[in-house]
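Colleague: In order, the protein sequences belong to chains A and B. The first sequence lines up with residues 1 to 296 when you count with my numbering. The second sequence lines up with residues 1 to 290 when you count with my numbering. Glycine included, every Cβ here is placed at the ideal spot set by N, Cα and C. Dropping a structure here in structure tokens format, bear with me for questions.
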Amino acid sequence: MNLLLQQLINGLFIGSVYGLFAVGYTLVFGVLDMLNLAHAAIFTLGGLIALWLVQSGGVSLWLAFPMASIAAGLLGLLLNQVAFAPLRKRSDSQFSGLISSIAMAIIFEAAALGLFGARSVRFPVGTVPIHTWQIGGITITFLQVAIVCVAASLMVTLTLFIGRTRIGKAIRAVGENERAATLLGINVNGIIALTFFVSSALGGAAGILFGLYFNNLTPDMGRSIELKGLAVIILGGMGSIPGAILGGLAFGLSEVLTVAVTGTSNLRDAVAFAVLFVILLIRPSGLLGRGKTREA
Amino acid sequence: MEYLLQFYAIYGSVINFIGINALLALSLNVTLSAGMLSLGNAAFAAVGGYTAGILSVHFNLPYAASLAGGTCAAGLVGLVIGLPVLRLRGVFLAMATLAFGEVVRLAAVNLDITGGAEGLTGIPNVTTTWMIYLVLAGAAYFIAVLRRSRLGWGLVSMREDETAAASLGIPITYYKVVAFVIGAMLAGLAGGLYAHLNYLITPRDYSFFVAVDLLIYNIVGGTGVWYGPILGAAMLTALPEVLRGLGVTAGPIRMGINGLILLLVILFLPNGLASLFERRRSSAVRAEAE
Numbered sequence: 001m002n003l004l005l006q007q008l009i010n011g012l013f014i015g016s017v018y019g020l021f022a023v024g025y026t027l028v029f030g031v032l033d034m035l036n037l038a039h040a041a042i043f044t045l046g047g048l049i050a051l052w053l054v055q056s057g058g059v060s061l062w063l064a065f066p067m068a069s070i071a072a073g074l075l076g077l078l079l080n081q082v083a084f085a086p087l088r089k090r091s092d093s094q095f096s097g098l099i100s101s102i103a104m105a106i107i108f109e110a111a112a113l114g115l116f117g118a119r120s121v122r123f124p125v126g127t128v129p130i131h132t133w134q135i136g137g138i139t140i141t142f143l144q145v146a147i148v149c150v151a152a153s154l155m156v157t158l159t160l161f162i163g164r165t166r167i168g169k170a171i172r173a174v175g176e177n178e179r180a181a182t183l184l185g186i187n188v189n190g191i192i193a194l195t196f197f198v199s200s201a202l203g204g205a206a207g208i209l210f211g212l213y214f215n216n217l218t219p220d221m222g223r224s225i226e227l228k229g230l231a232v233i234i235l236g237g238m239g240s241i242p243g244a245i246l247g248g249l250a251f252g253l254s255e256v257l258t259v260a261v262t263g264t265s266n267l268r269d270a271v272a273f274a275v276l277f278v279i280l281l282i283r284p285s286g287l288l289g290r291g292k293t294r295e296a
Numbered sequence: 001m002e003y004l005l006q007f008y009a010i011y012g013s014v015i016n017f018i019g020i021n022a023l024l025a026l027s028l029n030v031t032l033s034a035g036m037l038s039l040g041n042a043a044f045a046a047v048g049g050y051t052a053g054i055l056s057v058h059f060n061l062p063y064a065a066s067l068a069g070g071t072c073a074a075g076l077v078g079l080v081i082g083l084p085v086l087r088l089r090g091v092f093l094a095m096a097t098l099a100f101g102e103v104v105r106l107a108a109v110n111l112d113i114t115g116g117a118e119g120l121t122g123i124p125n126v127t128t129t130w131m132i133y134l135v136l137a138g139a140a141y142f143i144a145v146l147r148r149s150r151l152g153w154g155l156v157s158m159r160e161d162e163t164a165a166a167s168l169g170i171p172i173t174y175y176k177v178v179a180f181v182i183g184a185m186l187a188g189l190a191g192g193l194y195a196h197l198n199y200l201i202t203p204r205d206y207s208f209f210v211a212v213d214l215l216i217y218n219i220v221g222g223t224g225v226w227y228g229p230i231l232g233a234a235m236l237t238a239l240p241e242v243l244r245g246l247g248v249t250a251g252p253i254r255m256g257i258n259g260l261i262l263l264l265v266i267l268f269l270p271n272g273l274a275s276l277f278e279r280r281r282s283s284a285v286r287a288e289a290e
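What follows is the structure, encoded as structure tokens:
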């Protein structure tokens, strides 16, 4: 029983990182209706930049975290300028945007490989205070608590930002109908650029937390989370931020539960994707998504 | 002649892979021409490849029978998956096929008959270069004919506007399933050829990234004409070798150039490499007229 509870707690921690990653993914999809497949590469670079700041720059993690997130956000702006903005007016922008974001992902990964090498690297010991709590037989580390707190506060801030502020309203308006938003005097290009900045900054933050949690960073670590992120945003409903958060938690929990029930890690991803497949058949718009009657 | 033989000795495997990749790209093109984005074709190739491999390793069936078995198995799976999945559109279809692909890959990792993560070994090594290109030529001819058939035009009209196509009496679901199954069978055939080319197949050969590569071949080459996917597959499969020949060593720089070329093609050649030929042809026509 304790073991199961411990697994559930672990699922919660990793699930909150998935959620944070997926929120950024879904934000861009909600506004542009385009998948940004370079999100995982920015996730990787976010983690690696933070590591570089801590290791070579001697910056404390508390400072390196926001700095690396902002750097990831700036990479998002670059990504938008190079790979998405020129294609926006094209009729096949859904497909071509997919490909150009893959091209940028390859370039980003090459940059990560060139700058940081192919080795797997880790944060120096003592970056995060090592402190554990024992509550009724369950072990929780300081790092785990910090991860959940950071991820949760970022997600809450984002939800409030999108739901309550004027700029958030503009983002939703652009997502609803670009042309109508233009007519209402919203600076659509600026809003899209801002969306990319926020989305990528969150992706970078997720990369840092992921790197801290597994204490292992490689130039291709984004690949393992890319598919899971896609699964999470579909599970939650494309474009839905609360859906992405819930989806992330559900995915993290399903992973640890499958391991706990079957006793091996082989079937971990298979169960998750089988569930995803079935959900798509029953509720194509995801758990919290709104269906579109007709795609123009 | 000697030079040619030497060239083949060095680049034979690249030439073979160009053929296989082109065949896989063509298999995706069938559904893509109807505006359906499937990321399941790598999985269909896996079904074809593993079936062919199992038929010849465990049941000692001859080459032709194992290829046919692989093709039919992929088609059958395509039918079973296609019927429920094809109600979905756009990104959702892509995601459902992607989820299916992951399930197939993970099944291959976990089953005993497929050899697990190590892969299936000992598949007779009988596919030759001319066979691959014979099949490719046949498939290209088939696609070219298909495009000008009733089914082909129906698929194009569905891509343009599905509701309008339905109102004109085009049997949407039927055409979709037929296109999906044809694509699955072509992919299965390519998978079977690959299995018999390579002596072994592993689950890694058919990951998500392979499915995405097939899409890249199509978009880079151009989806509008039958030779587009072949061009895309040929260029992108040969690119690492060409870069190596130019003295760009492996590692980040070659990877970066790879990405950069992909980016440039997608930004500046909206209809893919095939549009280069189209442009030249149309300007030639214009020159004649003048």
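1. Does residue 26(A) come out as helix, strand or coil in the three-state DSSP assignment?
2. So is residue 226(B) buried or exposed if we call it buried at 16+ other beta carbons inside 10 Å?
3. Helix, strand or coil for residue 170(B)? Go by DSSP, reduced to three states.
4. Any chance you could list the alpha helix (DSSP H) runs of at least 4 consecutive residues sitting entirely within the segment 103–163 of chain B, in chain order?
5. How would you label residue 290(B), buried or exposed, when you count the other beta carbons within 10 angstroms and need 16 or more for buried?
6. In the DSSP output, what is residue 133(A) paired with across the bridge?
7. Assign residue 196(A) to buried or exposed, taking buried as 16 or more other Cβ atoms, counted over all protein chains shown, within 10 Å of its Cβ.
8. Can you say whether residue 6(B) is buried or exposed, counting buried as having 16 or more other CB atoms within 10 angstroms of its CB?
9. Count the other CB atoms within 10 Å of the CB of residue 262(A); is the residue buried (16 or more) or exposed (fewer)?
10. Rounded to whole angstroms, what's the CA-CA distance from residue 95(A) to residue 152(A)? Just pull it up for me.
11. In terms of residue numbering, what span does the alpha helix (DSSP H) encompassing residue 229(B) cover?
12. Go to residue 8(B), then tell me how far its alpha helix (DSSP H) extends in each direction, as first and last residue.
13. Does residue 178(A) come within less than 8 Å of chain B when only Cβ atoms are used?
14. Suppose only complete runs of 4+ residues qualify. What are the alpha helix (DSSP H) ranges in the segment 134–212 of chain A, listed by chain order?
15. Return the bridge partner residues of residue 201(B) from the DSSP annotation.
16. Give me the chain B residues within the contact set of residue 90(A), using Cβ-Cβ distance strictly less than 9 Å, ordered along the chain.
17. Whole angstroms are fine: how far does the CA of residue 219(A) sit from the CA of residue 119(A)?
18. What residue from 46(B), 200(B), 250(B) has the CA that sits closest to residue 78(B)'s CA?
19. Do you know offhand how far residue 161(B)'s Cα is from residue 193(A)'s?
20. Please identify the residue among 84(A), 59(A), 154(A), 123(A) whose C-alpha is closest to the C-alpha of residue 264(B).
21. In whole angstroms, what separates the C-alpha of residue 171(B) from that of residue 281(A)?
22. Between the C-alpha atoms of residue 85(B) and residue 98(B), what's the straight-line distance to the nearest angstrom?
23. Pick out whichever of 262(B), 268(B), 200(B) has its Cα sitting closest to the Cα of residue 102(A).
24. Going by DSSP, name the residue or residues bridged to residue 217(A).
25. Along the chain, where does the alpha helix (DSSP H) that runs through residue 213(B) open and close?
26. For residue 74(B) versus residue 184(B), is the C-beta distance shorter than 8 Å?
27. Sorted by chain position, which residues of the same chain lie with C-beta nearer than 7 Å to residue 217(A)'s C-beta, five sequence neighbours on each side aside?
28. Return the first residue and the last residue of the alpha helix (DSSP H) that residue 271(A) is part of.
29. Name, going along the chain, the residues of the segment 228–255 of chain A whose beta-carbon falls closer than 8 Å to a beta-carbon of chain B.
30. Taking Cβ to Cβ, would you say residue 163(A) is nearer than 8 Å to residue 45(A)?
31. Closer than 9 Å by beta-carbon distance: list the chain B residues that pair up with residue 83(A), in chain order.
32. Near residue 292(A), which residues of its chain fall below 7 Å by C-beta distance, leaving aside the five closest residues on each side in sequence?
Modeller: If we stick to the structure as given:
1. Position 26 of the first sequence, counted from the start, is the residue given in the question as residue 26(A). In the structure shown, residue 26(A) sits in a helix (DSSP, three-state: H, G or I).
2. What you label residue 226(B) is simply residue 226 of the second sequence in a count that begins at 1. Residue 226(B) comes out buried.
3. Counting from one through the second sequence, the residue named residue 170(B) turns up at place 170. Coil, per DSSP.
4. Listed in chain order, the complete alpha helix (DSSP H) runs (minimum 4 residues) inside the segment 103–163 of chain B are 129–147, 150–160.
5. Within the second sequence, residue 290(B) is the residue found at index 290, counting from 1. At residue 290(B), the pLDDT of 49 sits below 50, so the modelled position is not reliable; the number obtained from the coordinates is stated separately. Classification of residue 290(B): exposed, given that the 10 Å Cβ count is below 16.
6. Numbered from 1 along the first sequence, position 133 holds the residue referred to as residue 133(A). Residue 133(A) pairs with 140(A).
7. The sequence position of residue 196(A) within the first sequence is 196, counting from 1. It counts as buried.
8. Along the second sequence, one-based indexing puts residue 6(B) at 6. So residue 6(B) ends up on the exposed side.
9. Indexing the first sequence from 1 puts residue 262(A) at position 262. Exposed: under 16 other Cβ atoms inside 10 Å.
10. In the first sequence, the residue the question calls residue 95(A) occupies position 95. In the first sequence, the residue the question calls residue 152(A) occupies position 152. About 33 Å.
11. As a first step, residue 229(B) must be located in the second sequence, where it is residue number 229. Residues 227–245.
12. Here the question's residue 8(B) lines up with position 8 in the second sequence. Residues 2–32.
13. Here residue 178(A) corresponds to residue number 178 of the first sequence, with the count starting at 1. Not closer than 8 Å to any Cβ of chain B, the Cβ of residue 178(A) fails to qualify, so no.
14. 142–164, 166–176, 178–183
15. Residue mapping note: residue 201(B) aligns to position 201 of the second sequence, counting from 1. Note: residue 201(B) sits in a beta bridge opposite 120(B).
16. Mapped onto the first sequence, residue 90(A) falls at position 90. The answer, in chain order, is 270.
17. The residue labelled residue 119(A) in the question sits at position 119 within the first sequence. The residue labelled residue 219(A) in the question sits at position 219 within the first sequence. So the two alpha carbons sit approximately 8 Å from each other.
18. For the purposes of this step, residue 78(B) is identified with residue 78 of the second sequence, where counting begins at 1. Measuring from the Cα of residue 78(B), the nearest candidate turns out to be 46(B).
19. By one-based count along the second sequence, residue 161(B) stands at place 161. By one-based count along the first sequence, residue 193(A) stands at place 193. Going by the C-alpha atoms only, they are around 31 Å apart.
20. Counting from one through the second sequence, the residue named residue 264(B) turns up at place 264. With respect to the C-alpha of residue 264(B), the residue from 84(A), 59(A), 154(A), 123(A) having the closest C-alpha is 84(A).
21. Here residue 171(B) is taken as the residue at index 171 of the second sequence, counted from 1. Here residue 281(A) is taken as the residue at index 281 of the first sequence, counted from 1. Cα-Cα distance, rounded: 21 Å.
22. As a position in the second sequence, residue 85(B) is number 85, starting the count at 1. As a position in the second sequence, residue 98(B) is number 98, starting the count at 1. Between residue 85(B) and residue 98(B), the C-alpha separation is close to 11 Å.
23. Taking the first sequence and counting its residues from 1, the one referred to as residue 102(A) is at position 102. If we check each option's Cα against that of residue 102(A), 262(B) comes out closest.
24. Along the first sequence, one-based indexing puts residue 217(A) at 217. Answer is 121(A), bridged to residue 217(A).
25. Taking the first residue of the second sequence as position 1, residue 213(B) is located at position 213. Segment 208–221, the alpha helix (DSSP H) holding residue 213(B).
26. Mapped onto the second sequence, residue 74(B) falls at position 74. Mapped onto the second sequence, residue 184(B) falls at position 184. Contact flag set, yes.
27. Counting from one through the first sequence, the residue named residue 217(A) turns up at place 217. Contacts found: 47, 48, 51, 120, 121, 122, 211.
28. Numbered from its first residue, the first sequence carries residue 271(A) at position 271. Start and end: 268–282.
29. Of all residues in the segment 228–255 of chain A, 230, 231, 234, 238 have a Cβ within less than 8 Å of some Cβ in chain B.
30. As a first step, residue 163(A) must be located in the first sequence, where it is residue number 163. As a first step, residue 45(A) must be located in the first sequence, where it is residue number 45. No, they are not a contact pair.
31. Within the first sequence, residue 83(A) is the residue found at index 83, counting from 1. Per Cβ cutoff of 9 Å: 263, 266, 267.
32. Residue 292(A) sits at position 292 when you count from the first residue of the first sequence. Caution applies to residue 292(A), whose pLDDT of 47 falls short of 50 and renders its modelled position unreliable; the model cannot decide the point.
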